[in-house]
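**Student:**
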Amino acid sequence: MTGVQFDVAALAMRVGQTRTLNVTVMDAVGGTLLGRAVAWSSSDAGVVSVTDVGTIAAISPGLARVSATVEGKTASLPVTVTPIPAGKVMITLPAAVMYVGGTIAASAFVADSAGKAITGRPVAWSTPTPTIITVSSGGAVIALSPGTAQIIAQVEGVSDTASITVSLVPVASVTVSPATAILYLGQAVDLGAVAKDSAGNTLTGRAITWSSSDAAVAAVSPMGVVTAIAPGTVTITAAVEGKTGTASIWAAVVPVRTVTLSQGDATLYPTVTLDYDASAVDSAGNTLTGRPVSWSSGNTSVVTVSSTGLVTAIAQGEATITASVEGKPASARVTVRHDPIVFVHGFSGNAGVWSSMTSRFATDGWRSADLVGWSYNSLQSNVTSAASLKATIDSLLNATGAKRVDIITHSMGGLSSRYYLRNLDGSKVDAWVSLGGPNHGTDTANLCSGTYVSCAEMVIGSSFLTALNAGDETPGSARYATWWSPCDTTINPDDTVGLAGAGNTQTACLGHSALYTDATVYAQVREWVR
Numbered sequence: 142m143t144g145v146q147f148d149v150a151a152l153a154m155r156v157g158q159t160r161t162l163n164v165t166v167m168d169a170v171g172g173t174l175l176g177r178a179v180a181w182s183s184s185d186a187g188v189v190s191v192t193d194v195g196t197i198a199a200i201s202p203g204l205a206r207v208s209a210t211v212e213g214k215t216a217s218l219p220v221t222v223t224p225i226p227a228g229k230v231m232i233t234l235p236a237a238v239m240y241v242g243g244t245i246a247a248s249a250f251v252a253d254s255a256g257k258a259i260t261g262r263p264v265a266w267s268t269p270t271p272t273i274i275t276v277s278s279g280g281a282v283i284a285l286s287p288g289t290a291q292i293i294a295q296v297e298g299v300s301d302t303a304s305i306t307v308s309l310v311p312v313a314s315v316t317v318s319p320a321t322a323i324l325y326l327g328q329a330v331d332l333g334a335v336a337k338d339s340a341g342n343t344l345t346g347r348a349i350t351w352s353s354s355d356a357a358v359a360a361v362s363p364m365g366v367v368t369a370i371a372p373g374t375v376t377i378t379a380a381v382e383g384k385t386g387t388a389s390i391w392a393a394v395v396p397v398r399t400v401t402l403s404q405g406d407a408t409l410y411p412t413v414t415l416d417y418d419a420s421a422v423d424s425a426g427n428t429l430t431g432r433p434v435s436w437s438s439g440n441t442s443v444v445t446v447s448s449t450g451l452v453t454a455i456a457q458g459e460a461t462i463t464a465s466v467e468g469k470p471a472s473a474r475v476t477v478r479h480d481p482i483v484f485v486h487g488f489s490g491n492a493g494v495w496s497s498m499t500s501r502f503a504t505d506g507w508r509s510a511d512l513v514g515w516s517y518n519s520l521q522s523n524v525t526s527a528a529s530l531k532a533t534i535d536s537l538l539n540a541t542g543a544k545r546v547d548i549i550t551h552s553m554g555g556l557s558s559r560y561y562l563r564n565l566d567g568s569k570v571d572a573w574v575s576l577g578g579p580n581h582g583t584d585t586a587n588l589c590s591g592t593y594v595s596c597a598e599m600v601i602g603s604s605f606l607t608a609l610n611a612g613d614e615t616p617g618s619a620r621y622a623t624w625w626s627p628c629d630t631t632i633n634p635d636d637t638v639g640l641a642g643a644g645n646t647q648t649a650c651l652g653h654s655a656l657y658t659d660a661t662v663y664a665q666v667r668e669w670v671r
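Heads up: the sequence shown begins at 142 in the numbering used here, then just goes up one per residue.
So this is what it looks like as structure tokens:
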């Protein structure tokens with residue numbers, strides 16, 4: 142025997158295949174020897190196994206040499222084993238619908254062309270929709286955003302594709318914070334809304350729609366900023382994918398902390414006005430505008446105050462004016478003085494005759510600065526004296542700030558002052574008083590009428606008196622009053638004192654000069670001038 146020879150030079154097989162090998166045993170001249178025993182072996186039984194009769198089986202991919210030995214002679218055959226090719230891939234998904242943020246594990250079933258499962262083959266995973274899902278090399282799928290995605294499994298050129306629908310996690314509840322808020326007009330609050338799923342997990346990136354139950358009371362921006370506009374209560378709603386949460390907002394007027402008047406206590410004369418303003422501030426010192434102010438006077442017989450804060454002095458006394466803004470008050474004390482009094486003496490008299498009466502007025506509350514005894518040349522015409530009286534009154538009003546004066550006269554002093562009221566400026570007189578005045582003349586004037594013009598003007602029927610008494614004897618807005626005595630021998634006849642339209646009072650039996658010193662007459666005059 143010279144050798145052993147296989148019938149093939151090499152062999153290729155797939156895993157799982159079997160084949161029986163044949164060998165030829167030859168002698169030295171090349172003849173075939175039969176019936177010789179063959180010993181079989183494999184260089185790698187894990188790749189190719191061989192039986193005692195030469196049947197080989199492909200076990201796993203690789204290369205092995207199968208040897209046949211006969212009587213010390215050996216021949217070997219290289220055998221290459223390849224895997225069974227994949228013929229089919231099928232993707233298996235635990236769920237075809239995912240929520241954003243969720244994860245599933247995809248698997249692939251690999252089979253040969255006959256449908257027999259093949260294991261151990263590497264699977265290449267991929268997706269053409271990477272913005273919707275990601276897939277790992279092991280088939281782990283993570284949902285990124287809503288949409289429809291595909292996943293591909295590929296094995297040895299064979300692939301399968303599956304679809305996955307990704308949805309947002311459903312909103313189960315919406316909570317708005319803060320749930321309640323109190324805003325003063327013009328203030329704003331930034332509300333927040335949190336959406337959660339059924340498990341209580343916070344959901345991010347969800348669109349929020351904001352609305353107000355009454356935008357005239359409080360408006361809400363697309364970002365959830367609420368601004369108070371008018372007093373009232375509103376409900377602010379945040380809607381997220383059909384689920385809503387609410388907050389209750391109370392819009393309130395900024396409360397007034399303090400009220401301040403534009404000026405403090407004041408002293409006025411009757412009919413004088415003073416305009417007060419009231420300003421309100423909040424607790425931070427900010428000025429509050431547009432707040433209604435309620436004005437009141439504690440004594441309307443002394444002072445009145447209009448709805449706009451205009452204070453008018455009515456009569457002597459004191460009163461408190463108060464401005465209230467939403468329950469917060471501010472007050473000022475207003476003192477009203479008596480009108481200044483100008484005392485006009487008679488023919489050949491002087492201001493000193495009024496000392497008794499001015500003392501009584503001072504005792505009863507009149508300021509000495511408001512009691513003016515006016516001296517003038519009683520021998521001149523009453524027309525001239527009236528012009529001088531006007532200058533005195535104007536100066537007094539400028540000095541005191543009063544709007545009007547009261548005039549108390551004795552005897553001929555009534556004539557120049559009446560001329561002033563009728564012809565010069567009667568609007569500046571409130572009360573006019575004549576004590577024993579020759580308002581229609583007196584017989585005693587005849588004694589000096591040829592010497593002094595003022596005497597001539599006091600004669601009954603003089604042109605001066607005729608003009609002075611023509612028409613309305615008490616013209617203008619002044620209040621006229623006269624006092625006459627049945628025992629006054631200077632004024633004759635007695636009834637020449639009274640004036641039509643005036644308050645005419647008869648006194649007790651008093652002499653002409655006693656009229657300005659008598660206590661009863663004073664009391665009556667004081668009530669008249671007020």
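Beta carbons are placed, not taken as given, at the ideal position from N, Cα and C, and that holds for glycine.
In this structure, how does DSSP classify Tyr517 when only helix, strand and coil are distinguished?
**Tutor:** Coil at Tyr517, not helix or strand.
**Student:** Could you compute how far the alpha carbon of Arg432 sits from the alpha carbon of Val366?
**Tutor:** Whole-angstrom Cα-Cα distance: 26 Å.
**Student:** Measure the alpha-carbon distance for Pro616 versus Val422 and round it to whole angstroms.
**Tutor:** C-alpha separation (whole angstroms): 51 Å.
**Student:** Hey, how far is the Cα of Ser424 from the Cα of Ile534?
**Tutor:** The straight-line gap from Cα to Cα measures roughly 50 Å.
**Student:** Would you report the Cα separation of Leu344 and Ser248, rounded to the nearest angstrom?
**Tutor:** Distance between the alpha carbons of Leu344 and Ser248: 29 Å.
**Student:** Going by CA-CA distance only, name the one from Gly346, Gly458, Asn491 that's closest to Val475.
**Tutor:** Nearest option by C-alpha distance: Gly458.
**Student:** Could you check the C-alpha separation between Asp338 and Ala464 for me, to the nearest Å?
**Tutor:** Approximately 58 Å between the Cα atoms of the pair.
**Student:** Under the assumption that Thr583 contacts Ile632 (Cβ atoms under 8 Å), give the Cβ distance between them as a whole number of angstroms.
**Tutor:** Their Cβ separation, rounded to whole angstroms, is 5 Å, which keeps Thr583 and Ile632 in contact under 8 Å.
**Student:** Assuming His322 and Ala388 make a contact with CB atoms under 8 Å, what is their CB distance in whole Å?
**Tutor:** It is worth fixing the name first, because residue 322 is Ala in this sequence and not His. 7 Å between Cβ atoms; contact.
**Student:** Quick one: what does DSSP say Val230 is sitting in, helix, strand or coil?
**Tutor:** Three-state result, Val230: strand.
**Student:** Does the Cβ-Cβ distance between Val358 and Val375 come in under 7 Å?
**Tutor:** Going by C-beta atoms, Val358 is nearer than 7 Å to Val375.
**Student:** Taking C-alpha atoms, which residue in Val251, Thr210, Leu218, Val282 lies nearest to Val241?
**Tutor:** The candidate whose alpha carbon is nearest that of Val241 is Val282.
**Student:** According to DSSP, Gln146 sits in a beta bridge with which residue or residues?
**Tutor:** In the DSSP output, where bridge partners are listed per residue, Gln146 has Thr165.
**Student:** For Ala255, which of Arg501, Pro579, Leu512, Pro226 has the nearest alpha-carbon?
**Tutor:** For Ala255, the nearest C-alpha among the options comes from Pro226.
**Student:** Is Val443 closer than 7 Å to Ala460 when the C-beta atoms are compared?
**Tutor:** A contact, by the Cβ cut-off of 7 Å.
**Student:** To the nearest angstrom, how far is the alpha carbon of Ala655 from that of Asp505?
**Tutor:** So the two alpha carbons sit approximately 20 Å from each other.
**Student:** Please go through the same chain and pick out, in chain order, the residues whose beta-carbon is closer than 8 Å to the beta-carbon of Lys469, but skip the five residues on each side of it.
**Tutor:** Taken in chain order, the residues that qualify are Val397, Arg398, Thr399, Val400, Ala421.
**Student:** Verify whether the separation of the beta carbon atoms of Thr223 and Arg155 is less than 7 Å.
**Tutor:** Against a cut-off of 7 Å, the Cβ pair of Arg155 and Thr223 comes out as a contact.
**Student:** Considering only their Cβ atoms, is the gap separating Val361 from Ile349 smaller than 7 Å?
**Tutor:** No, the Cβ-Cβ distance between Ile349 and Val361 is not below 7 Å.
**Student:** Helix, strand or coil for Asn645? Go by DSSP, reduced to three states.
**Tutor:** Asn645 falls in the strand class under three-state DSSP.
**Student:** From Ser201 to Val188, what does the alpha carbon distance come to, in whole angstroms?
**Tutor:** So the alpha carbons of these two residues sit roughly 5 Å apart.
**Student:** Are at least three pairs of beta-carbons, each pair with one atom in the region 276-295 and one in the region 211-221, less than 8 Å apart?
**Tutor:** With the cut-off at 8 Å, the region 276-295 and the region 211-221 do not touch.
**Student:** Quick one: residues in its chain with C-beta nearer than 7 Å to the C-beta of His581, no 5 flanking neighbours on either side, listed in chain order?
**Tutor:** The answer, listed in chain order, is Ile601, Leu606, Asn610, Thr637.
**Student:** Mind checking which residues open and close the beta strand (DSSP E) that includes Tyr240?
**Tutor:** Run containing Tyr240: 238-240, per the beta strand (DSSP E) assignment.
**Student:** Less than 7 Å between the C-beta atoms of Arg347 and Ala340, yes or no?
**Tutor:** The answer is no: Cβ separation not under 7 Å.
**Student:** Over the uninterrupted beta strand (DSSP E) stretch that includes Thr399, give me the two end residues.
**Tutor:** Note, Thr399: beta strand (DSSP E), 399-402.
**Student:** Is Gly373 helix, strand or coil by DSSP?
**Tutor:** In this structure, Gly373 counts as strand in the three-state DSSP scheme.
**Student:** Is the region 255-273 touching the region 185-199, taking contact as three or more C-beta pairs under 8 Å?
**Tutor:** No, because fewer than three Cβ pairs between the region 255-273 and the region 185-199 fall closer than 8 Å, the two stretches do not touch.
**Student:** Sorted by chain position, which residues of the same chain lie with C-beta nearer than 8 Å to Lys384's C-beta, five sequence neighbours on each side aside?
**Tutor:** Correct list, in chain order: Val312, Ala313, Ser314, Val315, Ala336.
**Student:** What whole-angstrom Cβ distance do Gly373 and Ala392 have, given they're in contact under 8 Å?
**Tutor:** Going by Cβ atoms, the distance from Gly373 to Ala392 rounds to 6 Å, so yes, they are a contact pair.
**Student:** Using three-state DSSP, classify Phe484 as helix, strand or coil.
**Tutor:** In the structure shown, Phe484 sits in a strand (DSSP, three-state: E or B).
**Student:** Please name the residue or residues paired with Thr385 in a DSSP beta bridge.
**Tutor:** DSSP output for Thr385 lists Ala380 as bridge partner(s).
**Student:** Between Gly205 and Phe147, is the Cβ-Cβ spacing less than 7 Å?
**Tutor:** For the sequence presented, residue 205 should be read as Ala rather than Gly. Against a cut-off of 7 Å, the Cβ pair of Phe147 and Ala205 comes out as no contact.
**Student:** Is Gly652 near Ala619, with beta carbons less than 7 Å apart?
**Tutor:** Taking 7 Å as the Cβ cut-off, Gly652 and Ala619 do not qualify as a contacting pair.
**Student:** Report buried or exposed for Met599, applying the criterion of at least 16 other Cβ atoms within 10 angstroms of its Cβ.
**Tutor:** Met599 should be labelled buried.
**Student:** To which residues does DSSP link Gln291 through a beta bridge?
**Tutor:** According to DSSP, which records beta bridges pairwise, Gln291 is partnered with Ser304.
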